[in-house]
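Residues in the sequence shown are numbered from 4 upward in steps of one, following our numbering. Where a beta carbon is used, it is the ideal one built from N, C-alpha and C, also for glycine. For reference, the structure is listed below as structure tokens.
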Amino acid sequence: MWGTLHILITTDACKALLDQQKRHRNFRDWIYFSDECIFELSGHINTYNCYNRASTNLHFKMEVPHKAGSLMVQCAISSFGLIGPIFLLETVTQQVYQDLIGNQLIPDLYVIHPNLDNVYFQQDRAPAHTAKSTLEYLHDLFDDRLIGKFLNFVWPPRSPDLTPPDFFLWGYLKDHVYEPQPQSLIDPYIRQPHFCEINHSNNGESNAYRHCFCLFLLWRLNLLFSMQLSRN
């Protein structure tokens with residue numbers, strides 16, 4: 004895993020992010036990490052986001068049920084809270100993604116931040132996200148405060164060590180949404196309060212997680228930077 008991250012996020016990329024934190028003390032808190040995830044009606048979990056580090060081969064086997072329907076959900080998270088869930092009922096083209104940003108993400112951000120001048124936005128490498136028109140649209144909204152492929156700050160794709168939606172958000176939400184097991188694709192809509200619990204000020208567990216993953220992120224970046232320097 005570390006070898007892979009060494010290739011995907013370079014020493015210069017680590018240094019750029021860490022330098023930004025030195026210049027702006029609250030930089031880590033102002034990053035909104037965005038991602039989408041498929042919620043299977045069967046409850047099947049995408050094991051791409053599940054890692055088990057073991058010294059020996061566990062020969063683990065998992066039964067994969069036939070697809071019973073699924074729903075794609077988009078969210079963005081920072082230490083300030085969660086934006087979403089946004090339910091995607093159509094193929095995500097570059098126009099659909101831009102409409103999602105402009106019509107849903109940005110209005111929700113303005114509720115939390117009357118001024119977006121300090122907000123940084125991170126996204127993954129999906130084709131709709133990295134299309135030329137999408138990148139131009141994002142630059143108009145966030146200027147140089149963008150993190151991801153072809154953007155101002157480089158970011159490794161789907162890192163379970165660095166990306167909060169992968170190492171925290173989706174697992175946390177699925178623990179709630181799948182208890183009890185959904186019976187139809189309508190259930191995730193009905194269970195939106197489970198998503199929103201992560202924003203409640205009286206939810207000590209989710210508040211602690213939100214703030215911890217910011218500190219965790221900086222610790223990991225520092226560790227990667229030190230490891231890469233030692234290899235050079």
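Inset, instruction - Please look up how many angstroms separate the CB atoms of phenylalanine 124 and leucine 141, rounded, as I've assumed it's under 8 Å. - result: Position 121 of the sequence shown, counted from the first residue, corresponds to residue 124. Position 138 of the sequence shown, counted from the first residue, corresponds to residue 141. The Cβ separation is near 7 Å, so the contact holds.
Inset, instruction - Closer than 8 Å by C-beta to leucine 221: which residues in its own chain qualify, once you throw out the five before and the five after it? Chain order, please. - result: Residue mapping note: residue 221 aligns to position 218 of the sequence shown, counting from 1. Answer for leucine 221: Leu21, Gln24, Arg31, listed in chain order.
Legend entry - Helix, strand or coil at phenylalanine 36 according to DSSP, with G and I counted as helix: Within the sequence shown, residue 36 is the residue found at index 33, counting from 1. Three-state result, phenylalanine 36: strand.
Legend entry - Cβ contact (3+ pairs, closer than 8 Å) linking the stretch 11-18 and the stretch 145-165: yes
Legend entry - phenylalanine 170 and phenylalanine 216 closer than 9 Å at C-beta: Within the sequence shown, numbered from 1, the residue matching residue 170 stands at position 167. Within the sequence shown, numbered from 1, the residue matching residue 216 stands at position 213. Yes, the Cβ-Cβ distance between phenylalanine 170 and phenylalanine 216 is below 9 Å.
Inset, instruction - Taking all protein chains shown into account, decide if isoleucine 41 is buried (16 or more other Cβ within 10 angstroms of its Cβ) or exposed. - result: Here residue 41 refers to the residue found at position 38 of the sequence shown. By the neighbour-count rule (16 or more Cβ atoms within 10 Å), isoleucine 41 is not buried but exposed.
Inset, instruction - Please check the pair serine 81 and tyrosine 35, which I expect to be a contact at CB under 8 Å, by giving their CB distance rounded to whole angstroms. - result: Position 78 of the sequence shown holds residue 81. Position 32 of the sequence shown holds residue 35. The Cβ separation is near 5 Å, so the contact holds.
Legend entry - Close-in-space but distant-in-sequence residues of the same chain around tyrosine 100 (CB under 7 Å, 5 per side omitted): Translated into the one-based positions of the sequence shown, residue 100 becomes position 97. Within the same chain, tyrosine 100 has close Cβ partners Ala131, His132, Thr137.
Inset, instruction - Could you work out which residue in Leu92, Pro117, Leu61, Ser37 is closest to leucine 85 when comparing CA atoms only? - result: Translated into positions along the sequence shown, residue 85 becomes position 82. Closest by alpha carbon: Ser37.
Inset, instruction - Rounded to whole angstroms, what's the CA-CA distance from cysteine 78 to proline 88? Just pull it up for me. - result: Numbered from 1 along the sequence shown, position 75 holds the residue referred to as residue 78. Numbered from 1 along the sequence shown, position 85 holds the residue referred to as residue 88. Approximately 5 Å, taken between the alpha carbons.
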